[in-house]
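Notes follow the structure.
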Amino acid sequence: CMSDWKGAVRGIALQDLLRFYRGLRHSGMAHFQSDMHTTKDVVRQAIIPQTKTSRSSYASMVANGRPVVPRKMVTHNWDNLFRDLVAAVIADALSECSFALISKLLDEDPQVLERMLIARGLDLDTYWICAFSVNQHASICGGNPHQEVDSVTGQLHPTCDCGLEKYFNGTEPCEDGRSVRCELNKFDHMMGYLALSSSTFAQVVAVDAEFQLFGRAWCVAELAEARRRCMPQSLVVLSAENLRVHESSLRGLKVEDMTASRPEDVKEILANIPDLEAFNEAIQSLLFDERSGLLAGWRDLDVARQMAEIARLISLHEASTGGVWRHWVGSTI
């Protein structure tokens, strides 16, 4: 049954996420460059190869198959830098609104972040992140239909010969026009199941530096679904300045202009929206409503919140070897 899809309980703990990131160059992706490699690159060249033997999601593999209920889900764009995805998740855990400083620390002193998470008892906090929580071996691992290439080398992404049967959205049996066994079409069911299981289950919107997330159909559909289910939502951006640069471009968003890796996904999303104009108005309200919009908290960053961010910065500095201030100088928090 779609409503209790077992993939919903595949959270990944922050300690495992950070361990994966720190080990990238030593576990099959020696050429990893944090300022160039995207989440898509890492899925193809690290997550899929590392889970080939288990033929499972990465989250299931590190949990030895045990169900792990996530506290939050992350909406993100696979073309985003993988470093920035990890930074946004850690920033959220540390109650930060921006991730520029966290990205720099991931590059130069990730142990600071590890110590901070442990000290605050956050290292076991769990997140649902599709790259880690979806079983890529049951879908995309065996092919590269769009001839996508590594962002650094330009070489074609490898494919996997694990042999696990693949299920895509049209694979029978279907329910309401969607494959029952496909994992790529269950995000709304995952959100519904977890939101009903816990009133505190929340959505983290990990925005890439170019704000491309808001042009991706699935991402916007997740934003709307979270709002429909009254889930707590939070926005994590690179910096306040980055938000100011891109805010005006969000004013004209239309779901009919958005893209997805598979054109049929866009058609499915549009087919499920009875009134496109009303949906577009709802998205504008979700982003810009003065009281409840995702951007409202950023515009209203008051003195108390700024002081709280400075206090957290001091904590980071005390946990480090003294380099946090140097990294912070170039960041707009």
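Using the working numbering, the first residue of the sequence shown is number 56, and each one after it goes up by one. Built from N, CA and C at the ideal position, the CB exists for glycine as well.
Taking a contact to require three or more Cβ pairs closer than 8 angstroms, the region 274 to 291 and the region 187 to 198 do not qualify as touching. Under DSSP, residue 121 forms no beta bridge with any residue.
With contacts defined by Cβ atoms closer than 8 angstroms, residue 124 and residue 261 do not form a contacting pair. Excluding residues up to 5 positions away in sequence, 60, 62, 63, 128, 183 lie with their Cβ nearer than 8 angstroms to the Cβ of residue 245 in the same chain. Straight-line measurement puts the Cα of residue 345 at about 6 angstroms from the Cα of residue 351. Under the criterion of beta carbons closer than 8 angstroms, residue 110 and residue 239 do not qualify as touching, at roughly 16 angstroms. Taking all protein chains in view, the Cβ of residue 207 is surrounded by fewer than 16 other Cβ atoms within 10 Å, so the residue is classified as exposed. Boundaries of the beta strand (DSSP E) around residue 261: 257 to 261.
One alpha carbon belongs to residue 210, the other to residue 333, and they sit about 43 angstroms apart. The beta carbon of residue 268 lies closer than 6 angstroms to those of 132, 262, 274 in the same chain, with the five residues before and after it left out.
Bounds of the alpha helix (DSSP H) holding residue 95 are 94 to 97. Secondary structure remark: continuous alpha helix (DSSP H) runs of at least 4 residues inside the region 315 to 343, in chain order: 318 to 326, 331 to 343.
With contacts defined by Cβ atoms closer than 8 angstroms, residue 213 and residue 100 form a contacting pair. Where residue 159 is concerned, the enclosing alpha helix (DSSP H) starts and stops at 155 to 163.
Here residue 92 is buried, its C-beta having at least 16 other C-beta atoms within 10 Å. Every unbroken stretch of the alpha helix (DSSP H) spanning 4 or more residues and falling wholly within the region 244 to 301 is given here in chain order: 272 to 283, 295 to 301.
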